[in-house]
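Novice: Structure below; questions to follow.
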Amino acid sequence: METTTELLSQIITLGRQKGLRQQDIARRARLQPESLSRAKKSGDMYVSNLQELARVVGLKLVLVSDQPVIKRIDKGTQFE
40 METTTELLSQ IITLGRQKGL RQQDIARRAR LQPESLSRAK KSGDMYVSNL
90 QELARVVGLK LVLVSDQPVI KRIDKGTQFE
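Everything in the sequence shown is counted per my numbering, starting at 40 for the first residue and increasing by one.
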């Protein structure tokens with residue numbers, strides 16, 4: 040669950056840059072601060088909670104292709 044830990048780290052870092060403490064971010068996302076702490080340690084959290092935490096700090100979770108850009112250009116699918 041390394042990805043979840045990385046996402047949470049980015050969310051918390053941006054929140055701090057905006058003057059929010061970790062517990063503030065959690066509460067604004069309607070989560071208990073302890074839940075956020077546990078998720079950081081375990082690296083596991085519902086996607087819906089990640090989405091809400093991201094929204095609180097002005098981010099949005101999206102999926103993007105990890106296929107190299109040149110292959111997408113060759114296939115004509117770079118904007119799909």
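Even for Gly, the Cβ is constructed at its ideal location relative to N, Cα and C.
Which residue's Cα is closest to the Cα of V101: A78, P107, E91?
Specialist: The shortest Cα separation from V101 among A78, P107, E91 belongs to E91.
Novice: Give me the residue from L47, K114, V96 with the minimum Cα distance to S76.
Specialist: The shortest C-alpha separation from S76 is found at L47.
Novice: For D105, which of helix, strand or coil comes out of DSSP?
Specialist: If DSSP states are grouped into helix, strand and coil, D105 belongs with coil.
Novice: With a CB to CB cut of under 8 Å and the five nearest residues on each side skipped, what residues in its chain are close to T44?
Specialist: Cβ within range, chain order: K79, G82.
Novice: Quick one: Cα of L53 to Cα of Q62, how far?
Specialist: So the alpha carbons of these two residues sit roughly 14 Å apart.
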